[in-house]
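Student: Chains as they are written, first to last, in this note's numbering: chain A, 315 to 515; chain B, 846 to 1063.
Ideal Cβ positions, reconstructed from N, Cα and C, are used throughout, including at glycine.
Remember, it's a predicted structure, so these values are computed and weren't measured experimentally.
Here you go:
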């Protein structure tokens, strides 16, 4: 099984590639809609501005391929912006539409805390999570974001708090997504990626 | 459950070796960057900062120094970087030095005043889209007298983004002070970690015992 990393020209693709490499997983990075359509497993990493991701997906004709593959049941892991883009829209770029595969919108975190939410934080599992399988509940994950999906009742498997409760881990059928960066989260992050590889295999 | 305070070792490299200066000058060798990074990773460092300061040896401005100076003259650069890469990727480094009742922003390796008030500059940088501030006290850097908690607190309370305090760390208590009194979100140090004066793990245990939220599991 090979992981297809959606390369939209920004984001932290090399960090993700190295993290998969350390786990002995094969990966290819690609901006090609054809490659995305043929993928066995998809990973959408993300750091940066919501608008940059959405524009890249549209300009490079990746949107339809990505939605098609996910709807066909291809295992998908979204990281950070890769989680946010699954929803309808984001306050970061209200004029642009997301992939609209999950109900809800992305909002700014409240301004009574320091933003961006930057660094290591813990998550609280809401129900049994396949991504968090075997990871201690006290584990820390590395976050770097100012926007988040506020506590969406339906899909969030684990939440985190920074000024507000927001979705940290999302799991719905073949859709998996995390607001933090597993590729930067030490042993706990490596285990989470390993769990995704197992699910996708 | 809340965001952990970060401990950040800083590796100033000349391209090959880690080097360390006192008050920004007088560089000496402090080890192999790869070996140090691996050790800090094992000990539980929360982030690593790697600064290429080769240019000061080559007598040309470093990339960081260039950005710092350009930003001081043309703050729009911060917005452009922020819109392209996201605010979380834009760290505004401020070298501040006390000048009477306020702090001056220093450039050119901490030697020259940019004639900007550090607090005003920090606020402006955040308005323009900086997502974090790396604040170095030029007065304390390399002295091991402790962080400048007054400076750190003034900047941290003036802006809405996280502040990494830097300059002057030696004792574990210095870190307690900069988190509690200085309201820092992260603390950065170099030589005390490189020279083994302070182990990151022991330091974090000290902080946890004094009620400072840190990430211990790793």
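So the alpha helix (DSSP H) residue 500(A) belongs to, where does it begin and stop?
Tutor: Counting along the chain, the alpha helix (DSSP H) containing residue 500(A) begins and ends at 500-514.
Student: Excluding the five sequence neighbours on either side, which residues of its own chain have a C-beta within less than 7 Å of the C-beta of residue 379(A), listed in chain order?
Tutor: The residues are 347, 350 and 351.
Student: Look at the alpha carbon of residue 1045(B) and the alpha carbon of residue 897(B), and state the distance between them as a whole number of angstroms.
Tutor: Going by the C-alpha atoms only, they are around 23 Å apart.
Student: Would you mind sorting residue 373(A) into buried or exposed? The rule is 16 or more other CB atoms within 10 Å of its CB.
Tutor: Answer is exposed; the Cβ neighbour count stays below 16.
Student: What residues from chain A crowd round residue 977(B), counting only those whose CB sits closer than 8 Å?
Tutor: Under the 8 Å cutoff, chain A gives 430 and 432.
Student: So that I know if they touch, is there some Cβ in chain B lying closer than 9 Å to that of residue 500(A)?
Tutor: So, interface residue.
Student: Taking Cβ to Cβ, would you say residue 558(A) is nearer than 9 Å to residue 389(A)?
Tutor: Missing from the structure shown is residue 558(A); chain A here goes from 315 to 515 and no further.
Student: For residue 994(B), is the classification buried or exposed, using 16 other Cβ atoms within 10 angstroms of its Cβ as the cut-off for buried?
Tutor: That one is buried.
Student: Anyone know if the C-beta pair for residue 317(A) and residue 356(A) falls short of 9 Å?
Tutor: It is a contact, given that the beta carbons lie within the stated cut-off.
Student: Looking at the C-beta of residue 457(A), does it have a partner C-beta in chain B at a distance below 9 Å?
Tutor: Answer yes: the Cβ-Cβ gap between residue 457(A) and chain B drops below 9 Å somewhere.
Student: Identify each residue in the stretch 995-1009 of chain B for which the Cβ-Cβ distance to at least one residue of chain A is less than 9 Å, and report them in chain order.
Tutor: So the list reads 1001, 1004, 1005, 1006, 1007 and 1008, given in the order they occur along the chain.
Student: With distance defined between alpha-carbon atoms, name the residue in 501(A), 319(A) and 513(A) nearest to residue 449(A).
Tutor: Of the listed residues, the one whose Cα sits closest to residue 449(A) is 501(A).
Student: Tell whether a beta-carbon distance below 9 Å holds between residue 1014(B) and residue 1032(B).
Tutor: Yes, Cβ-Cβ distance for residue 1014(B) and residue 1032(B) is below 9 Å.
Student: Whole angstroms are fine: how far does the CA of residue 975(B) sit from the CA of residue 923(B)?
Tutor: Each residue's Cα considered, the two are about 6 Å apart.
Student: For the stretch 351-431 of chain A, which segments carrying the beta strand (DSSP E) assignment without a break, of at least 3 residues, lie completely within its bounds, in sequence order?
Tutor: Complete beta strand (DSSP E) runs here, min 3: 355-358, 390-393 and 419-422.
Student: Return the residue from the list 386(A), 460(A) and 387(A) that minimises the CA-CA distance to residue 406(A).
Tutor: For residue 406(A), the nearest C-alpha among the options comes from 460(A).
Student: Thinking C-beta only, is residue 1034(B) closer than 9 Å to residue 1008(B)?
Tutor: No.
Student: Could you tell me the boundaries of the alpha helix (DSSP H) in which residue 1000(B) lies?
Tutor: Counting along the chain, the alpha helix (DSSP H) containing residue 1000(B) begins and ends at 994-1003.
Student: Please report whether the beta-carbon of residue 931(B) lies at a distance below 9 Å from any beta-carbon of chain A.
Tutor: Closer than 9 Å to some Cβ of chain A, the Cβ of residue 931(B) qualifies, so yes.
Student: Would you kindly work out how many angstroms separate the C-alpha atoms of residue 1043(B) and residue 399(A), rounded to a whole number?
Tutor: Their Cα atoms are separated by approximately 43 Å.
Student: Using a C-beta cutoff of 9 Å, does residue 487(A) count as contacting chain B?
Tutor: With 9 Å as the cut-off, residue 487(A) does not count as an interface residue toward chain B.
Student: Quick check on the burial criterion: 16 or more other C-beta atoms within 10 angstroms. Buried or exposed for residue 426(A)?
Tutor: Label assigned to residue 426(A): exposed.
Student: What span of residues does the alpha helix (DSSP H) with residue 320(A) cover, start to end?
Tutor: Segment 316-320 is the beta strand (DSSP E) holding residue 320(A); no alpha helix (DSSP H) there.
Student: Say whether chain A places a C-beta atom closer than 9 Å to the C-beta of residue 891(B).
Tutor: Closer than 9 Å to some Cβ of chain A, the Cβ of residue 891(B) qualifies, so yes.
Student: Tell me, to the nearest whole angstrom, how far the beta carbon of residue 483(A) is from that of residue 472(A); I am working on the premise that it is less than 8 Å.
Tutor: Yes, residue 483(A) and residue 472(A) are in contact; Cβ-Cβ is about 4 Å, under 8 Å.
Student: Does residue 936(B) come out as helix, strand or coil in the three-state DSSP assignment?
Tutor: Strand, per DSSP.
Student: Give the straight-line distance between the Cα atoms of residue 359(A) and residue 331(A), rounded to the nearest whole angstrom.
Tutor: Approximately 10 Å, taken between the alpha carbons.
Student: Please compile the residues from chain B whose C-beta is within a distance smaller than 9 Å of the C-beta of residue 460(A).
Tutor: 931, 932, 933 and 976, listed in chain order.
Student: Closer than 9 Å, CB to CB, is residue 967(B) near chain A or not?
Tutor: False, the Cβ-Cβ gap to chain A never drops below 9 Å.
Student: Return the CA-CA distance between residue 943(B) and residue 981(B), expressed in angstroms with no decimal places.
Tutor: So the two alpha carbons sit approximately 12 Å from each other.
Student: Buried or exposed, going by whether 16 or more other CB atoms sit within 10 Å of the CB of residue 276(A)?
Tutor: Outside the displayed span of chain A (315 to 515) sits residue 276(A), for which this structure offers no information.
Student: Roughly how many whole angstroms lie between the Cα atoms of residue 452(A) and residue 435(A)?
Tutor: When rounded, the distance between both Cα atoms is 9 Å.
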